[in-house]
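Taking my numbering, the leading residue of the sequence shown gets 1007, the next gets one more, and so forth. C-beta atoms are modelled at their ideal positions from N, C-alpha and C, and glycine is treated no differently.
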Amino acid sequence: MTTNGVTTEELMQIALDLVGFGAVPGDSRVYVPGRGIRRIMAAIDVDVAELRLAKDLGYDCFLAHHPNPATLTYPEVLDKHVDLMVKAGVAPAAARKAIAALKEGAAFRYHSGNYDHLVSFARLLGLPFLNIHNPLDELGRRRMQAAIDGHLRADSKVSDVVAALLTIPEIAAAPTRPEVRVGSPDDRAGRVVVAHGAGTNGGYEVAKAYFEAGVDTVVYIHVDYGAAQRLRADGRGHLIVAGHIAADAAGIDPYLDALEAKGLEVTRLSGLGLAKRR
Ligand SMILES: [Fe+2]
Ligand SMILES: [Fe+2]
1007 MTTNGVTTEE LMQIALDLVG FGAVPGDSRV YVPGRGIRRI MAAIDVDVAE LRLAKDLGYD
1067 CFLAHHPNPA TLTYPEVLDK HVDLMVKAGV APAAARKAIA ALKEGAAFRY HSGNYDHLVS
1127 FARLLGLPFL NIHNPLDELG RRRMQAAIDG HLRADSKVSD VVAALLTIPE IAAAPTRPEV
1187 RVGSPDDRAG RVVVAHGAGT NGGYEVAKAY FEAGVDTVVY IHVDYGAAQR LRADGRGHLI
1247 VAGHIAADAA GIDPYLDALE AKGLEVTRLS GLGLAKRR
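Written out as structure tokens, the structure reads:
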């Protein structure tokens, strides 16, 4: 495969296979298809300048993580919060209610976005371009939950969850640290759920639903200040943020390693590869 390079569809399939997904989720897409790809520029974020740079530097493909306004089906992925909540013991109706405003807000935002901006420039440059978001966030979620489950005992504290997250090289190498945003590091951690891999963080409503279902500690990768303030005012549960870019990198790096193992050349930018440069 690698002597002739890969296609954009094969790049997507490799990510789906790593997490056992049967279909491309709504927040991931091939915008400009291509074949014979050997050199890949990989970045968490992308704009037109980065596409131009990739073309100028002779890359065959741009691989981004975050979705862009062309990914109009993005709001579907927020339903994955429901699956995660129900698995953790939240009643299905309460779980759906907890994401209703989040989902509608995303639908409003994506409907008004410029779906052709980035894609039209990639097309003009003749640069194959895709983004892979949810499969790699799911990979990161599994890594974080496994690190926590393997590290904690019955009497572990919230600070031990932070220590568990720091066993992941991408999180340890980041300039940000995992932070306890709600509750005290000295409290008992109790039941810990990593609520990630569902489009974006669940804000106030999703964390509250977990706490009401008996989850003691929720891990997001990021949270708004306002949502944290509301949760603090409720005086219940603990919320840890792993660090946005650090946790994204923790899900993306294993995938890029898999591409390199197939003989592809990958340049990691925009928050990727920090753990390797240490
Ligand atoms: Fe992500
Ligand atoms: Fe992200």
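Query: Residues sharing a beta bridge with Val-1200, DSSP; Result: Val-1225
Query: Cα-Cα separation between Tyr-1080 and Gly-1205, rounded to whole angstroms; Result: 7 Å
Query: Endpoints, the alpha helix (DSSP H) within which Ile-1154 is located; Result: 1140-1157
Query: In DSSP terms, what His-1244 is bridged to; Result: Thr-1223
Query: Residue(s) in a DSSP beta bridge with Lys-1163; Result: Arg-1194
Query: Option in Arg-1283, Lys-1282, Tyr-1261, Gly-1269 with minimal Cα separation from Ile-1020; Result: Tyr-1261
Query: The alpha helix (DSSP H) enclosing Phe-1217, as first and last residue numbers; Result: 1209-1218
Query: Residue ranges of each alpha helix (DSSP H) within the region 1018-1080, 4 or longer; Result: 1054-1062
Query: Collapsed DSSP secondary structure at Leu-1285 in the structure displayed; Result: Residue 1285 lies beyond the stretch modelled for the chain, which goes from 1007 to 1284, so this question has no answer here.
Query: With 16 other Cβ atoms within 10 Å as the buried cut-off, status of Ala-1107; Result: exposed
Query: Assumed close pair Ala-1252, Ala-1160 - CB separation to whole angstroms, cut-off 8 Å; Result: Rounded, the Cβ-Cβ distance is 28 Å, inconsistent with contact.
Query: Option in Pro-1134, Asp-1051, Gly-1279 with minimal Cα separation from Glu-1016; Result: Pro-1134
Query: C-alpha gap between Arg-1274 and His-1123, whole angstroms; Result: 24 Å
Query: C-alpha gap between Asp-1155 and Arg-1102, whole angstroms; Result: 26 Å
Query: Three-state class that DSSP yields for Arg-1115 in the structure shown; Result: helix
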